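Taken in order, these protein sequences are the chains called A and B. Here our numbering = 1-based position in the first sequence + 41. Here our numbering = 1-based position in the second sequence + 42. Here is the structure we will look at.
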Amino acid sequence: MQLAVEALLDGVMQTLRQAVLPAVQGRFARGQLFAALDVLQNLRDRVEPKVAFDESEAASASDALTHALDALGPDLGAPLARALAEAPSGPPPERAAALRAALVGAFALLDRLPADVAAPARAALAKHLAAQAMRDVAMLKPSLLQEISTGISKG
Amino acid sequence: MDDHALVARLEKYVRARLPGEHAPRVVALERSTEGFSQETFIFDVETSAGRRAFVLKREPLAGLLEPYDLEPEFRVLHALSSDPLPSPPTPWLERDPIVLERPFYVMERLPGDVPIPAPGPDGSGPFDDAERATLAPEVIGALARLHTIDWRAYGLDFLGDPGPGRAAATRELQRWEARIDATGLPLDPPLAEALGWLRTHVPETPDVTLVHGDYRLGNFLVTRTPGAARLTGVLDWEMVHLGDPLEDVAWCISPLWRGGTSFASGLVPPDDFVARWVEASGIASDDARLHFYGVLAIVKMAAIMLTGLRAFRDGRTHDLRMAIFDHQLPYLYLLLGMMRGWLGGF
């Protein structure tokens, strides 16, 4: 996820205030909208992302990078070893971000190696990408894209 | 500027461009919810001969394809106004921000609606069988027409001929990599993997054609009658350029635009789409090139989403539609994994 929870909530409040409120005419509905803003502005500083997501991502990424390092050996894999060693042990969001950057660096390294040399390490990283993609999607709710695009409720 | 001021300024602008009309009035101005990129307004002009329907596209303050330049798409649409291709006649471009604060162009509003690439309320696709049977040949035929247009004869050289060999694919890859870089957001590992693969698999383009750049379900204007659907317009030419026609084909058949079906743009199986486009255009397809542009399609979409997310994070837009990309990206990476082979199922 690229946006911090605070940034998301700030954006929601701005939109409600600037784009939605002016179009709402009924006094009750406007009152409810102000109440929503009141809830959101007080909620903003009380929420934190669940660290469990970052912890599982970091564990999986670290494991994948270690396997890739084993496959490449200490010489070819030196940049991976360095990135693993330099990744902070916490807090979880920072560790996950550092390991994500290490994965990006690992792919850049593998792109420079002969395909057959890189293949076992690439397989280890691919396994993590697949698992992480599934983890990320599993936490998402059904999309409201139809309603967002048309402004019309399904139900 | 509120909508009243917008109407007043637009009316003044329109009056200067319809000199034969006595005091034409701008009415029924409405902001459109469709289109995630440019600001879109629909409006009518009341004239002595009746109402004329228009669409106005204005550069947004921030958006998915920033930095914006409306001129290339306007010039293409203006040039194609006389072509049988169903594109909207586009009479006016205004660069002077004094008129409506930002550059805009005006096109005539064609009949029809824009089915969007999302499953319907009951989970069904955007078209029934009869509609698909009538609409698919028109969509495929229009794409084939677009790719066989003599772009030099239409004066579209200004779009920049990439030249022979790998130049077309290289330019597109670099264009989208640059957009990703410009967001300044950390590169996600699935994107890094895909970009690495794309860089080492850049294909040659045998023949440079006009490329719409965003030809897909969601940019088709469609009318429906019982048992039939017709293509009345091809919209959103913001990404128009000269390049490889398979870029358009791959984009149109991409899993991104299947609207809850297994069909390319909700119309026909992807392989059928390609075969029928080959037949209609007389241009050969190539599996490796098509796959390259298929992967690039997902990368393009990621670049667009990241651009919107960055604008939202910076507070340059409060359009919450940009924020939803944060939880659309994982779906995108799922598709990328399937196309790249690190996730089974594609």
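A virtual CB, placed ideally from N, CA and C, is assigned to each residue, including glycine. Keep in mind the model is a prediction, meaning the values are calculated, not measured.
Residue environment: Ala-178/B is assigned as buried (16 or more neighbouring CB atoms within 10 Å of its CB, all protein chains considered). Along the segment 169 to 183 of chain A, the positions whose C-beta sits under 7 Å from a C-beta of chain B are Leu-170, Ala-171, Ala-174, Asp-177, Val-178, Leu-181, read in chain order.
Chain-order list of chain A residues neighbouring Phe-334/B: empty, with the shortest C-beta distance near 16 Å, by a criterion of under 8 Å. In chain order, Ser-184, Leu-185, Leu-186, Ile-189 make up the part of chain A whose C-beta sits under 9 Å from the C-beta of Ile-366/B. In the three-state reduction of the DSSP assignment, Thr-247/B falls in the coil class. Counting only residues of its own chain and dropping the five nearest sequence neighbours on each side, Leu-332/B has a CB closer than 8 Å to the CB of Leu-288, Val-291, Ala-292, Val-316. Judged by DSSP secondary structure, Leu-121/A falls within the alpha helix (DSSP H) whose first and last residues are 119 to 127.
Counting of Cβ neighbours within 10 angstroms places Glu-98/A among the buried residues, the total reaching 16 or more.
Residues of the segment 43 to 64 of chain A with a C-beta atom less than 7 Å from some C-beta of chain B are Gln-43, Leu-44, Ala-48, Leu-49, Gly-52, Val-53, Gln-55, Thr-56, Gln-59, Ala-60, listed in chain order. DSSP, read as helix, strand or coil, puts Leu-71/B in strand. A straight line joining the alpha-carbon of Ala-345/B with that of Pro-130/B spans about 28 Å. Pairwise C-beta distances place the segment 106 to 116 of chain A in contact with the segment 153 to 164 of chain A, as three or more of them are shorter than 8 Å. Taking a contact as a CB-CB distance under 8 Å, the pair Leu-277/B and Gly-308/B does not count as one, their CB atoms being some 16 Å apart. Straight-line spacing of the CA atoms in Tyr-196/B and Leu-74/A works out to 52 Å. At a cut-off of 8 Å between beta carbons, Thr-242/B contacts chain A. For the set Gln-80/B, Leu-142/B, Ala-353/B, Gln-370/B, the Cα lying nearest the Cα of Gly-52/A is the one of Ala-353/B.
Around Met-347/B, the same chain offers Leu-106, Phe-367, Gln-370, Leu-371, Leu-374 as residues with beta carbons nearer than 8 Å, after the five sequence neighbours per side are excluded. Ranking Arg-93/B, Ser-79/B, Arg-355/B by CA distance to the CA of Glu-63/B puts Arg-93/B first.
According to DSSP, Lys-99/B shares a beta bridge with Thr-82/B, Tyr-147/B. Partner residues in a beta bridge of Thr-176/B, as assigned by DSSP, do not exist. For Phe-148/A, the chain B residues whose C-beta falls within less than 8 Å of its own C-beta are Pro-231, Ala-234, Glu-235, Gly-238, listed in chain order.
Proximity to Met-54/A across Ala-139/A, Leu-150/A, Ala-77/A peaks at Ala-77/A, based on C-alpha coordinates.
For Arg-355/B, at least one C-beta of chain A is nearer than 8 Å to its own C-beta.
Between Gly-357/B and Val-88/A, the alpha-carbon positions lie close to 20 Å from each other.
In summary, Lys-91/A is exposed, with fewer than 16 beta-carbon neighbours lying within 10 Å of its beta-carbon over all protein chains present. Between Phe-262/B and Leu-252/B, the CB-CB gap reaches or exceeds 8 Å. Glu-72/B and Ala-95/B have their C-alpha atoms roughly 12 Å apart. When the alpha-carbon of Ile-295/B is set against those of Ala-210/B, Pro-109/B, Ile-182/B, the nearest one is in Ile-182/B. Around Arg-141/A, the beta-carbon contacts reaching into chain B at under 8 Å are Pro-228, Asp-230, Pro-231.
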